[in-house]
Amino acid sequence: GDSVTQMEGPVTLSEEAFLTINCTYTATGYPSLFWYVQYPGEGLQLLLKATKADDKGSNKGFEATYRKETTSFHLEKGSVQVSDSAVYFCARDSGSARQLTFGSGTQLTVLP
Amino acid sequence: DAGVTQSPTHLIKTRGQQVTLRCSPKSGHDTVSWYQQALGQGPQFIFQYYEEEERQRGNFPDRFSGHQFPNYSSELNVNALLLGDSALYLCASSLSAGAREQYFGPGTRLTVT
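Chains D and U are the protein sequences, given in the same order.
Heads up: the first sequence begins at 102 in the working numbering, then just goes up one per residue.
Heads up: the second sequence begins at 1467 in the working numbering, then just goes up one per residue.
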């Protein structure tokens, strides 16, 4: 079945460091790809999305490019802030209901 | 513009009991999906409701059932609770047409003792 494999954490960075969280997906169909963020005690917030190959999703300084040739959708940010500390989930949609399949999540901690 | 709301926030139940969780979708949305998120894991799709019918179902037993009302709100019912049902239950709403992005509520934390 469809799956998403995500870089395991936890990841600890200093403020203003460069962030990369790797994500790969199974290449069945023509999925849309997503990054969601979950802050402690909260639900998931959509961070960015891409709907087709070579699309770049971006939001709040985060970027991810839909790479069909490598089945990847890596999340990047040039300069992280303490407020970016959260769990990040990569996801793809599938099926007629466009249900989401999530990776296992990556815990990011940014130190001042 | 109200987002997705869920109730209750927390719930503690005993093995064998039954539970009902509730979700109100984002204004204008007509489709509701339910996900189970075990501690330290990504959410797992349970099922989706559209036009008051179950549209798609994930790999969950029949103990998990749902309902959608004419106002698009939804309930998730779990019967014969097991310890392993302890999780955060997330509701997501979307539009049946267009981009169909899913917007999540804050979740209901269910603890089964």
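The C-beta atom is built at its ideal place from N, Cα and C for all residues, glycine as well.
Below 7 Å between beta carbons: does that hold for A118 of chain D and V181 of chain D? yes
For chain U, is any of its Cβ atoms less than 7 Å away from the one on F148 of chain D? Inspection of the sequence shows that residue 148 of chain D is occupied by Leu rather than by Phe. Answer no: the Cβ-Cβ gap between L148 of chain D and chain U never drops below 7 Å.
Alpha-carbon spacing of G110 of chain D relative to L176 of chain D, whole angstroms: 14 Å
Element boundaries [beta strand (DSSP E), containing L1589 of chain U]: Lying outside 1467 to 1579, the shown extent of chain U, residue 1589 of chain U is not represented and no answer is given.
Look at F1570 of chain U and G144 of chain D and say whether their C-beta atoms are less than 7 Å apart. yes
With DSSP collapsed to three states, give me the class of G1550 of chain U. helix
Which word fits L1556 of chain U, buried or exposed, when buried means at least 16 other C-beta atoms lie within 10 angstroms of its C-beta? buried
Anything in chain C within Cβ reach of L1556 of chain U, meaning under 8 Å, just list it in chain order. Any reference to chain C falls outside this structure, whose protein chains are D and U.
If P1509 of chain U sits next to Y1501 of chain U, beta carbons under 8 Å apart, how far is it from one beta carbon to the other, in whole angstroms? 4 Å
Alpha carbon to alpha carbon, how far is Q208 of chain D from K169 of chain D? Give it in angstroms, no decimals. 26 Å
Is the Cβ of P1474 of chain U closer than 7 Å to any Cβ of chain D? no
Determine the contact status of S1559 of chain U and V1498 of chain U, defining contact as a CB-CB distance below 7 Å. yes
Cβ neighbour criterion (16 or more within 10 Å) applied to P1536 of chain U: exposed
Y126 of chain D burial status per 10 Å Cβ neighbour count (16 or more: buried): buried
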